[in-house]
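Number of protein chains: 2
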Amino acid sequence: MTGYGQFCPVAKACEILAERWTPLLVRELLAGGRRFSELQRGVPLMSKSLLADRLKSLERSGILKSAPLANGRGREYSLTEAGEELRPIVEGLGQWGWKWVKRSLAADELDAGLLMLDMGRHFAGDRLPAKRVVARIDFSGLPRGRVARRTWWVSVERPEGEVCPDPPSFDVDLEIDADLAALTRFWLGRATLANGVRTGAIKMRGPRALVDAFPTWFGVDGASTLRRPW
Amino acid sequence: MTGYGQFCPVAKACEILAERWTPLLVRELLAGGRRFSELQRGVPLMSKSLLADRLKSLERSGILKSAPLANGRGREYSLTEAGEELRPIVEGLGQWGWKWVKRSLAADELDAGLLMLDMGRHFAGDRLPAKRVVARIDFSGLPRGRVARRTWWVSVERPEGEVCPDPPSFDVDLEIDADLAALTRFWLGRATLANGVRTGAIKMRGPRALVDAFPTWFGVDGASTLRRPW
DNA sequence: CAGTATCCGATGCGATACTG
DNA sequence: CAGTATCGCATCGGATACTG
Chain H
991 MTGYGQFCPV AKACEILAER WTPLLVRELL AGGRRFSELQ RGVPLMSKSL LADRLKSLER
1051 SGILKSAPLA NGRGREYSLT EAGEELRPIV EGLGQWGWKW VKRSLAADEL DAGLLMLDMG
1111 RHFAGDRLPA KRVVARIDFS GLPRGRVARR TWWVSVERPE GEVCPDPPSF DVDLEIDADL
1171 AALTRFWLGR ATLANGVRTG AIKMRGPRAL VDAFPTWFGV DGASTLRRPW
Chain E
991 MTGYGQFCPV AKACEILAER WTPLLVRELL AGGRRFSELQ RGVPLMSKSL LADRLKSLER
1051 SGILKSAPLA NGRGREYSLT EAGEELRPIV EGLGQWGWKW VKRSLAADEL DAGLLMLDMG
1111 RHFAGDRLPA KRVVARIDFS GLPRGRVARR TWWVSVERPE GEVCPDPPSF DVDLEIDADL
1171 AALTRFWLGR ATLANGVRTG AIKMRGPRAL VDAFPTWFGV DGASTLRRPW
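Encoded structure:
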């Protein structure tokens, strides 16, 4: 038996949602993921066949819809109204997890790709510098055995920002050497960037003004607190 | 691999919660279930070994705590503060499920025991009759193959109410013959009781005043809407 | 790239039996 | 009653290969 055999709406919801990977896939869609490869970047340890399966079953359940892309191959996935209404639940899970799940980061939870993906989603558009600034981040402390780029570029020019694993065609203004765990702690709001610099886990080279401004590039519109990745 | 390998708090929360049966077990604890057998009544199709497993792992995760019962054997389970803070999430799932999951009830979702358990949890204390009233419910349309009592008693006397599968030592004032699907639809707020009576799916014998009052015995304190089972 | 198809192994989970 | 122990199967899901 695959369902729960209960009329209770909680049970019916859980039949759709409380499966392995499914809430994370919904999280990716809520975060704006639209293409297969884009979704895959958010759940790198999920096998692509399972990802395809889940996309199908979520479509059958009415959580998402998809349409073939105009230019040739692939489909575009997006949430239905029902799926969009899962937002408070997924956000609630994130807030609950942030508050209650153990704070220490295990080595196998660190993932530079996920970190940079999430940073790229949370630029504070109107607080970005008016003139283009490019930062290069070099990671240390990457977990062994997980394929990952060591070096990333963050390029911002109000009101747009971009994170990418390949060098942009602009000069680098700010160089950051970061222990992955330390930058992740910063990103999770568990530590300030300044604290990472103080302990030596993070090193920043560049104009003082840029060093100070870097952490302010990310966040929620107008809010002073760092946007957490959920 | 059992976890998700992500630092994201949504992922951390889902490692604990997005497992088969787990959200329903939390629902039972949120509803006030404290004893093993009581919890089991709320998830009758979950095997007891798995129930025991989940209780242990939820305790390790800090969702619930347990203590040996004073009088001999067994333990009492209850939510920790972390577990209690899952309430909005589980309620959110229920509301979402009520709104978005298909409305028709499959035969294998009908369960008289679950229905009566839930009704017994939602008496509208202050709207109950001042003098004791006993109703007997005889179900028809029970799904085959699922062990279930056909007959139940509902006994109320302000501000207390009780549902039980054995006759109380009071006379029956109100007799109800109910198709299980019809009463479940009523309970889910998908149809009025009067509608069930009109279609013949529900028959009530007793003083007119009691017939009319019966649906008002259940609900949330002071609210006019029926309390849904989540 | 954007999936689909196939295969196979781990483990999740249910059934049953056992215990104080 | 309130669990624990054991077993065995099914299905979930990951790996790999294949396709337009």
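One line per chain: the protein sequences are H and E, in this order. When you line the first sequence up against our numbering, it's residues 991 to 1220, in that order. When you line the second sequence up against our numbering, it's residues 991 to 1220, in that order. Glycine included, C-beta positions come from ideal geometry on N, C-alpha and C.
When 1176(E), 1093(E), 1184(E), 1088(E) are compared, the shortest CA-CA separation from residue 1198(E) is found for 1184(E). The beta-carbon distance between residue 1019(E) and residue 1054(E), rounded to whole angstroms, is 6 Å. This is short enough to meet the 8 Å contact definition. The beta carbon of residue 1173(H) sits no closer than 7 Å to any beta carbon of chain E. For residue 1017(H), the closest Cβ of chain E is nearer than 7 Å.
Restricting attention to 1126(H), 1162(H), 1151(H), the CA atom closest to the CA of residue 1110(H) is found in 1151(H). Ranked by how close their Cα comes to the Cα of residue 1105(E), the residues 1157(E), 992(E), 1170(E) have 1170(E) in first place. Counting along the chain, residue 1096(E) sits inside no alpha helix (DSSP H), nor does DSSP assign it H or E at all. One thing to note: residue 1107(E) has its Cβ within 7 Å of the Cβ of residue 1031(E). Between the beta-carbon of residue 1009(E) and that of residue 1008(H) there is about 7 Å, and that keeps the pair under the 8 Å contact cut. The criterion of a C-beta distance shorter than 7 Å is satisfied by residue 1122(H) and residue 1147(H). Within 10 angstroms of the beta-carbon of residue 1137(E) lie fewer than 16 other beta-carbons, which makes it exposed.
Nearest to residue 1191(E) by alpha-carbon distance, out of 1177(E), 1172(E), 1176(E), 1202(E), is 1172(E). The segment 1064-1075 of chain H and the segment 1033-1043 of chain H do not touch, with fewer than three beta-carbon pairs separated by less than 8 Å. For the set 1061(H), 1002(H), 1029(H), 1000(H), the Cα lying nearest the Cα of residue 1103(H) is the one of 1029(H).
Nothing from the segment 1138-1158 of chain E brings a Cβ to less than 8 Å from some Cβ of chain H. Taking a Cβ-Cβ threshold of 8 Å, the residues of chain H close to residue 1079(E) are 1079, 1082, 1083, 1086, in chain order.
For the 7 Å CB-CB criterion, residue 1164(H) and residue 1186(H) do not form a contact. Within chain H, no residue has its CB atom less than 9 Å from the CB of residue 1028(E), the nearest being about 16 Å off. Within chain E, the C-beta atoms nearer than 9 Å to that of residue 994(H) come from 1010, 1011, 1014, 1033, 1035, 1036, 1099, in chain order. As DSSP reads the structure, residue 1053(E) sits in no beta bridge. In chain order, 1133, 1170, 1171, 1174 place their CB closer than 7 Å to the CB of residue 1100(H), counting only its own chain and leaving out the 5 sequence neighbours on each side. Between the beta-carbon of residue 992(E) and that of residue 1114(E) there is about 44 Å, and that puts the pair past the 8 Å contact cut.
Under the Cβ distance rule, residue 1021(E) does not count among the residues neighbouring chain H, no pair being separated by less than 7 Å. Spatial neighbours of residue 1072(H) in its own chain (CB-CB distance under 7 Å, excluding positions within 5 residues in sequence) are listed in chain order as 1052, 1053. Boundaries for residue 1162(E): no beta strand (DSSP E) harbours it, and the DSSP string shows neither H nor E there. At a Cβ-Cβ threshold of 7 Å, residue 1160(E) and residue 1201(E) do not count as neighbours. Nearest Cα to residue 1095(H) within the set 1135(H), 1167(H), 1179(H), 1012(H): 1179(H).
Identification of chain E residues near residue 1075(H) by a Cβ-Cβ cut-off of 8 Å yields 1086, 1089, 1090, ordered along the chain. Chain H places a beta carbon closer than 7 Å to that of residue 1072(E), counting this residue as a contact. Each residue's CA atom was taken as its position, placing residue 1204(E) and residue 1074(H) some 38 Å apart. Cβ-Cβ separation between residue 1087(E) and residue 1000(H): approximately 6 Å, consistent with a contact (criterion under 8 Å). According to DSSP, residue 1151(H) shares a beta bridge with 1146(H). CA-CA distance, residue 1091(E) to residue 1078(E), rounds to 19 Å. For residue 1176(H), DSSP assigns no beta-bridge partner whatsoever.
Look at the segment 998-1046 of chain H and you find these whole runs of alpha helix (DSSP H), each 4 residues long or longer: 999-1007, 1012-1020, 1026-1032.
The beta carbons of residue 1141(E) and residue 1128(E) sit closer together than 7 Å.
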